[in-house]
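The sequence shown begins at 9 in my numbering and counts up by one.
All residues carry an ideal CB built from backbone N, CA and C; glycine is no exception.
Working notes for the structure below.
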Amino acid sequence: MHLLKFTAVTLMVMEASVANAQSAPYLTGNNLRNAISNYTLIGQNWAEFYQTDGNIAGRARKDGRVCNYTGTWTARPDRICYSYPAQHGEPAHSGCSKLKLNNNTITHFDPTFGWQKFDGVATRYFGNALDRFSQPDCPPPPRR
Numbered sequence: 009m010h011l012l013k014f015t016a017v018t019l020m021v022m023e024a025s026v027a028n029a030q031s032a033p034y035l036t037g038n039n040l041r042n043a044i045s046n047y048t049l050i051g052q053n054w055a056e057f058y059q060t061d062g063n064i065a066g067r068a069r070k071d072g073r074v075c076n077y078t079g080t081w082t083a084r085p086d087r088i089c090y091s092y093p094a095q096h097g098e099p100a101h102s103g104c105s106k107l108k109l110n111n112n113t114i115t116h117f118d119p120t121f122g123w124q125k126f127d128g129v130a131t132r133y134f135g136n137a138l139d140r141f142s143q144p145d146c147p148p149p150p151r152r
């Protein structure tokens, strides 16, 4: 009986955590910028350190390899926008995300439609924590 009660309470707490993350407001203004500036976000297949000067140092796992990459980020009033030059055979690309913060979990959402982005949940670490992610085995990105 105690195990059943414990399981029920655990499930309610987990459901409440998910509901809180989904119902939390999107970050805006200084809260948005401060949530990622000088932090590393680590997702399932990527990690990015958002430097205070607007540069990004990142690592991504693709096709069994881990590659370093670079980019830039800009805080807008209600979203973060990213830009990445062509690197490692990938074309240049850019985009934006609305963010929600729940403890040290950041969730990325499409700014137009509001859905959660694929692999858009990341754990936030203060400073450059790229070494918490897999070590790179690709050649370094070209210098700009």
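How would you label residue i, buried or exposed, when you count the other beta carbons within 10 angstroms and need 16 or more for buried?
| i | result |
| --- | --- |
| Q95 | buried |
| S105 | buried |
| R67 | buried |
| K108 | buried |
| R73 | exposed |
| Q140 | Note on identity: in this sequence residue 140 is Arg, with Gln being the wrong assignment. Result: exposed. |
| G62 | exposed |
| W81 | buried |
| G79 | buried |
| G51 | buried |
| T120 | exposed |
| T60 | exposed |
Which first and last residues belong to the alpha helix (DSSP H) in which residue i is found?
| i | result |
| --- | --- |
| L40 | G37 to I44 |
Taking residue i as part of the beta strand (DSSP E), name the residues at either end of that continuous run.
| i | result |
| --- | --- |
| E56 | W54 to Y58 |
| Y92 | I88 to Y92 |
| T115 | T113 to F117 |
| Y47 | Y47 to I50 |
Give the secondary structure of residue i by DSSP, where H, G and I count as helix, E and B as strand, and everything else as coil.
| i | result |
| --- | --- |
| S102 | strand |
| D127 | strand |
| R69 | strand |
| S142 | coil |
Give me, in chain order, the residues of the same chain whose beta-carbon lies closer than 7 Å to that of residue i; leave out the 5 immediate sequence neighbours on both sides.
| i | result |
| --- | --- |
| L138 | T48, A55, F57, A65 and R67 |
Short of 6 Å in beta carbon distance, which residues of its chain neighbour residue i, apart from the five on each side in sequence? Order them along the chain.
| i | result |
| --- | --- |
| H101 | Y92 |
Excluding the 5 residues preceding and the 5 following residue i in the sequence, name in chain order all residues of the same chain whose CB lies nearer than 8 Å to its CB.
| i | result |
| --- | --- |
| G103 | C89 and Y90 |
Tell me whether residue i counts as near the ligand FMN, meaning its Cβ is closer than 7 Å to at least one heavy atom of that ligand.
| i | result |
| --- | --- |
| T78 | No copy of the ligand FMN occurs in the structure displayed, which carries no ligand at all. |
Inset, instruction - May I ask you to verify whether the region 33-42 touches the region 125-135, counting CB pairs closer than 8 Å and requiring at least 3? - result: Inter-segment contact for the region 33-42 and the region 125-135 is absent: fewer than three beta-carbon pairs are separated by less than 8 Å.
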